[in-house]
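Quick notes on the structure that follows.
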Amino acid sequence: MQRISVQNLSKSYTVGHKGSQSVLDIVVSLFTGREHKKPLLVLDNVSFSVQAGEIVGIVGKNGSGKSTLLRILVDILEKDSGEVHLSGKVVPLIQLGDGMKTRLTLKDNIYLACTLLGFSQREIVEKFDAIVAYAELENFVYTKWYQFSLGMKQRAVFSIIIHTEPEILLLDEVFSAGDESFRKKTLTDMLKFAHAGTSILMVGHGLEILEKYCDRIIWIDAGKVRADGKPTEIINMYKEHVT
Amino acid sequence: MSSFFGLSWRLAAVDFKLRNEGSYLGTLWYFLNPLLLFLTLNFVFAQRLGADIPDYPVYLLIGILLFNFFTRTTLDATQAVRESGFIKSFTFKREALVLSVVLKHLMAHIFESGLFFVVLLLLGLPLYSILIYFLILFFVAIFVFGCSLLLAALTMFFTDLANVWSFFTTLVWFATPIFYSIEGQETLLWVNQANPMYYFITASRDGILTGVVPELQIVIGVVLFPLITLSLGLYVFNALKPKFAEMI
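Residue numbers (our numbering), protein chains in the order written: chain H, 1 to 243; chain F, 1001 to 1248.
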C-alpha cells in the first residue's frame, strides 16, 4: 500500500538579492528597508513514493530543499506545481520545539502541542501521564520550558509525537540532540511503528542512523532527486560528493 | 469544528496566562486600565462636555469599554499570525490564531465589565442592563473578529499596516462620540454613519440608559457591519493563508 506519492513537485521562493539593482532601487531600499528579490527554485520536479511500513531517509546539504519538501507534504507550504498524495494520519515533527512557549511549564506545553496536533481535551488528559513517563520527565511537570536542556526538550517533543499514533511520520533532524539511551529507545519504537504499517520519512544529517534504520535513502541536491536507493550505496555516493 | 474552537480557546488561555506571568497585579490590570481612563475622562469632561448628558459616567464607560475592546483586539491581531511560532511546524486552521486573540480579549473584558457593574450599582440603574451590554458585545465581537482576520492576513504582506492601524484607531477614537455628545454636530454625525463603533455604542446607550429599542438604522448597522466584515475577513484570510508560512 502506497502511503506517500509525490509526482513532479516543484517549489520556488523569492529571496533577497543584491545583484543588478538600479541606483534608484538602492536609494529607495535605504529608506523603506525593502530588499530587491529574485526567484529561487528549491524543489525541481521531485518524484518519489513511500510504501506502508517503509522507513525512508532524505539526505542533502543545508538548503537543498529537504525541510521544504516535508512542509509541502503537510500543507504548511504551498507547492508551485506537481502532485502530492498522502493516505493516512500524518504527524509532522518539524522544528516542533520552536513552537513551544518558553515561559510555560512542561504541562502547559504538552497540552498546547497536543491541541495543535489535533488531540481533544479528553485524549490529552488520558495520554498525559504516558507522555511524561515516556519522556522520563515525571519530576519536571511544573518546570518551565526555558529551564530544560536541549535533550530534555527533544525527549518531551518526541514523546508527544510517539503518542499521536501516526500512519505517516515526518521527522526533521530529530536525532541531533538527546542522550544515547533515549535515542535508542525512540529508534526502537520507530521500528515498531514501521512494523505496524507506519511510513516514516526522516530528514537528517546523522548518516549512521539513517544508514542503520532506513529501508531506502533519497539524496536531494539543489532541489533535484540525485539518487534514490539502498542506504549504504546512496550514503557512500553522498559522502563522496560532500568530501 | 469543535477542535477549531478547542484550539482557539487553548491558544487564548496560553496567551492570557503568559500576559499575566510574572506581573504583581496580574489580571487586576484589566480592571485598572479602563478605570484610570474612565476616572480621568470623567474628571476632565463631566462638568463641560458631559454636563447635558444624563448619567454621564455610564454614558462614558460604555464608550470606553466597547472601544477599548475593539482597539486592543485589532491591534493585537495585526501580529497574530506574524508572531506565531507554530505556523512552520504544525498544520492547523490558521483562523484559530486570530480567534484566540478575540477570545483572549473577551476574557479580559469580563474583568473590565466588573467596572460597569459597579458603576450601575452606584448610580442605581437596573442591573439587567448588563445583559443588553453583552448582547451588543456579541455583535461587536463578530465585527472585531472580521476586522482581525483582515488585519492579521494583510499585515503579513504589508508590515506598515500595524502602524497605520494604530494611527487610524486613534483618529476613530476622537471621531466616535465616546466622551462627548454628537447632537447638533452635523458633519461629525455624517462621518459617523460609516463608523461601525458609532452604531454599537449608540445601541448600547439607547438600551441601557434610556431603555428604548434603538432606531431601525442603528439596529441595521449593529447587525450588518459584523456580517459584512466577517465575510470579507474570511474571504481575504482564506485567499492569503497559503503564503503565510513563506512570509515568516
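Even glycine gets a Cβ: it sits at the ideal position worked out from N, Cα and C.
- Around the CB of Lys37(H), fewer than 16 other CB atoms lie within 10 Å, so the residue is classed as exposed.
- DSSP places Ala1046(F) in the coil class of the three-state scheme, outside both helix and strand.
- Chain H places a beta carbon closer than 8 Å to that of Thr1091(F), counting this residue as a contact.
- Listed by position along chain H, the residues whose Cβ is nearer than 8 Å to that of Gly1006(F) are Thr115, Ser120 and Gln121.
- For Val1014(F), the closest Cβ of chain H is nearer than 8 Å.
- Within 9 Å of the CB of Ser1003(F), the CB atoms of chain H belong to Thr115, Gly118, Phe119 and Ser120, in sequence order along the chain.
- Relative to the Cα of Val1098(F), the nearest Cα in the group Ala1012(F), Ala1162(F) and Thr1040(F) belongs to Ala1012(F).
- Contact between the stretch 1061-1078 of chain F and the stretch 1136-1149 of chain F is present, with at least three C-beta pairs closer than 8 Å.
- Linking Tyr111(H) to Thr1027(F) through their CA atoms gives a straight-line distance of about 22 Å.
- Comparing C-alpha distances from Gly99(H) to each of Ile55(H), Leu116(H), Arg183(H) and Ala227(H) shows the shortest one belongs to Leu116(H).
- A contact is defined here as three or more CB-CB pairs under 8 Å, and the stretch 1078-1090 of chain F meets this definition with respect to the stretch 1148-1168 of chain F.
- Going by DSSP, Gln1217(F) is part of the alpha helix (DSSP H) stretching over Leu1216 to Leu1240.
- By the 16-neighbour rule on beta-carbons within 10 angstroms, Ser159(H) is buried.
- For Ile220(H), the three-state secondary structure derived from DSSP is strand.
- The Cβ-Cβ distance between Lys1088(F) and Ile76(H) falls below 8 Å.
- Counting every other CB atom within 10 Å of its CB across the protein chains shown gives Ser1113(F) a total of 16 or more, marking it as buried.
- One thing to note: Leu1230(F) has its Cβ no nearer than 8 Å to the Cβ of Ala1096(F).
- The residue among Thr232(H), Lys230(H), Pro231(H) and Val225(H) with its C-alpha nearest the C-alpha of Val6(H) is Val225(H).
- Taking CB atoms only, Leu70(H) has no neighbour in chain F less than 8 Å away.
- For Gly151(H), the three-state secondary structure derived from DSSP is helix.
- Taking 8 Å as the cut-off, the beta carbon of Leu1049(F) is found closer than this to the beta carbon of Tyr1180(F).
- Taking 8 Å as the cut-off, the Cβ atoms of Leu170(H) and Pro231(H) do not count as close.
- If you draw a 10 Å sphere on the C-beta of Tyr146(H), you find fewer than 16 other C-beta atoms in it, and that means exposed.
- Closest in C-alpha terms to Leu201(H), from the list Lys192(H), Lys184(H), Ile162(H) and Ile168(H), comes Ile168(H).
- An exposed status is given to Ala1194(F), since fewer than 16 other beta-carbon atoms sit within 10 Å of its beta-carbon.
- Fewer than three pairs of CB atoms, one per stretch, sit closer than 8 Å, so the stretch 45-57 of chain H makes no contact with the stretch 1015-1023 of chain F.
- With respect to the 8 Å criterion, Leu106(H) and Thr164(H) are not classified as neighbours on the basis of their beta carbons.
- Taking the CA atoms as reference points, Gly229(H) sits about 37 Å from Arg1094(F).
- For Tyr142(H), there are no neighbours in chain F by C-beta distance under 9 Å, as the nearest C-beta there is about 13 Å away.
- Under DSSP, Val91(H) takes part in a beta bridge, and its partners are Leu169(H).
- The contact set of Lys101(H) on chain F, defined by CB atoms closer than 7 Å, consists of Val1014 and Leu1018 in chain order.
- Here Arg122(H) is exposed: its Cβ has fewer than 16 other Cβ atoms, across all protein chains shown, within 10 Å.
- Between Ile1178(F) and Gly1063(F) the beta-carbon gap is near 3 Å, inside 8 Å, which marks them as a contact.
- Rounded to whole angstroms, Val84(H) and Leu104(H) show a C-alpha spacing of 37 Å.
- Collapsing the DSSP output to three states places His163(H) in coil.
- Straight across, the Cα-Cα distance linking Leu1121(F) with Phe1004(F) is about 38 Å.
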